[in-house]
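Trainee: When the sequence shown is numbered by the numbering used here, its final residue is 285 and no position is left out of the sequence of numbers.
C-beta atoms are modelled at their ideal positions from N, C-alpha and C, and glycine is treated no differently.
In this text the structure is predicted, and so the values were computed from the model without any measurement.
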Amino acid sequence: MSERTRFGPAGVPPMFRLMGATTLDVPKLLHEEGLDAFEYQASRWGPKPQVKQEDAQKLGEEARKNDVKLSMHGSYFINLSGKKEVVEASKRRLIACAIAADWMGAYVVVFHTGFYGKVEKSFAFKNALIALKEVSAEMKTLGLKVKLGPETMGRKFQVGTIDEILTINQEVEPTQLVIDWGHLHALHQGTLKKAEDFRAIAEKVEQKLGTEALRSMHCHFSKIEFSSQGEKRHHTLDEERYGPDFHMLAEVIVDFGLHPTMICESPILDIDARKMQATLKEVLDSKQAKAEP
Ligand SMILES: [Zn+2]
């Protein structure tokens, strides 16, 4: 697949459902809209894949046919830093997601690492790191090709600061960098205010993981409302009172020559994904026009 910034929704757009479409129809419908990524939602899954292997493979075929890059959002019922039984059950759920993601040919299974709970944050994080290394070893034994994508989180009690995610990416193989920009903004009470704030994150990633990891990052984006505890709810790009502003990220994408996969998590999934795509094109065109003599 060619290296370009791709855009798509987190889950099946509500309008597709109203039209009577099934999940299998989604890649074609997205392609018709000019979109080229799709994050399949396995968010309620338990310890076994909740899709038939045959259907997962068919979805993968449809995605490839329509040039749609597939990712999976894994189960929400994962806590890799909790009590032993909880961690064991979480590992089973994550592996079930990874198995099905592999059937689909999805390139990453995105997940929420866990909660700090009552223990020291660094202790909770270390436990999660150990559990993830065990998951990755089991994935290798199973011959799975999909990468693990721990996501940057937006609430204070969740494991997943940018530093923690970068450390996991350094220490666990194979991983894919997943940055949720709305979460970063919400966790730190609205820190992404100007393009430089996005640029600083990009520089930090490049320094820790290298240029290729930065260029090919997987992103979630939407505007977000937050409280003192962090993330409260996702909003559409048109809601001016909320941040962050995608235009600023688009500038960084162009300046650094990035080609991320951008998954839109706003309430109007595909519509805002297209808006982001148009914004990136605008930024690219205006910078090119300026560069010409
Ligand atoms: Zn998520």
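What is the DSSP secondary structure of LYS139, reduced to helix, strand or coil?
Mentor: In this structure, LYS139 counts as strand in the three-state DSSP scheme.
Trainee: Between GLN162, ARG84, LYS125 and LEU184, which lies nearest to GLU198 when the distance is taken from Cα to Cα?
Mentor: With distances taken between Cα atoms, GLU198 lies closest to GLN162.
Trainee: I'd like the list of long-range same chain contacts for LYS149, defined as Cβ closer than 7 Å, with 5 residues on each side in sequence excluded.
Mentor: Here residue 149 is Phe; the residue named in the question, Lys, does not match the sequence. Closer than 7 Å at Cβ, skipping near neighbours: PHE107 and TYR108.
Trainee: Output the boundary residues of the beta strand (DSSP E) element that contains MET209.
Mentor: That residue, MET209, is in no beta strand (DSSP E); it is neither H nor E in DSSP.
Trainee: Looking only at its chain, what residues have a beta carbon closer than 7 Å to the beta carbon of ALA88, apart from the 5 residues adjacent to it on each side?
Mentor: The answer, listed in chain order, is TRP37, PRO39, LYS40 and PRO41.
Trainee: If you measure from each CB to the nearest heavy atom of ligand 1 and keep those under 7 Å, what residues do you get, in chain order?
Mentor: In chain order, the qualifying residues are HIS65, VAL102, HIS104, GLU143, ASP172 and HIS212.
Trainee: Excluding the 5 residues preceding and the 5 following LEU229 in the sequence, name in chain order all residues of the same chain whose CB lies nearer than 8 Å to its CB.
Mentor: SER214, LYS215, PHE238, SER258, ASP264, LYS267 and MET268.
Trainee: So what does THR253 bridge to, in DSSP terms?
Mentor: For THR253, which the question treats as bridged, DSSP gives the partners ARG(-2) and HIS210.
Trainee: Report yes or no: do three or more beta-carbon pairs, one from the segment 70 to 83 and one from the segment 27 to 35, lie closer than 8 Å?
Mentor: Cβ pair count under 8 Å is below three, so no.
Trainee: Report the CB separation of PRO142 from GLY135 in whole angstroms; it is logged as a contact under 8 Å.
Mentor: Not a contact, Cβ separation roughly 22 Å.
Trainee: Kindly list the residues whose CB is nearer than 7 Å to the CB of GLY74, restricted to its own chain and excluding five residues on each side of it in sequence; keep chain order.
Mentor: Answer for GLY74: GLY106, PHE107 and GLY109, listed in chain order.
Trainee: Whose CA, out of LYS137, VAL100 and ALA194, lies closest to the CA of LEU158?
Mentor: That would be ALA194, whose Cα lies nearest to the Cα of LEU158.
Trainee: For TYR234, which residues in the same chain have their Cβ closer than 8 Å to its Cβ, ignoring the five residues on either side in sequence?
Mentor: Same-chain partners within the cutoff: LYS215, ILE216, GLU217 and HIS227.
Trainee: Closer than 7 Å by C-beta to LEU261: which residues in its own chain qualify, once you throw out the five before and the five after it? Chain order, please.
Mentor: The residues are PRO1, ALA2, GLY3 and PRO5.
Trainee: Counting only runs that start and end within the segment 224 to 273, where is the beta strand (DSSP E) found for 3 or more residues in a row?
Mentor: Counting whole runs of 3 or more residues, the segment 224 to 273 contains the beta strand (DSSP E) stretches 253 to 256.
Trainee: Measure the alpha-carbon distance for ALA116 versus ALA123 and round it to whole angstroms.
Mentor: Those two C-alpha atoms are separated by around 11 Å.
Trainee: Whole angstroms are fine: how far does the CA of HIS212 sit from the CA of LEU276?
Mentor: Those two C-alpha atoms are separated by around 20 Å.
Trainee: Mind checking which residues open and close the beta strand (DSSP E) that includes LYS118?
Mentor: First-last for LYS118: 113 to 134, but that is the alpha helix (DSSP H), not the beta strand (DSSP E).
Trainee: Within 10 angstroms of its Cβ, does MET(-7) collect 16 or more other Cβ (buried), or is it exposed?
Mentor: Low per-residue confidence applies at MET(-7): pLDDT is 44, beneath 50, and the placement is therefore not dependable enough to give any value.
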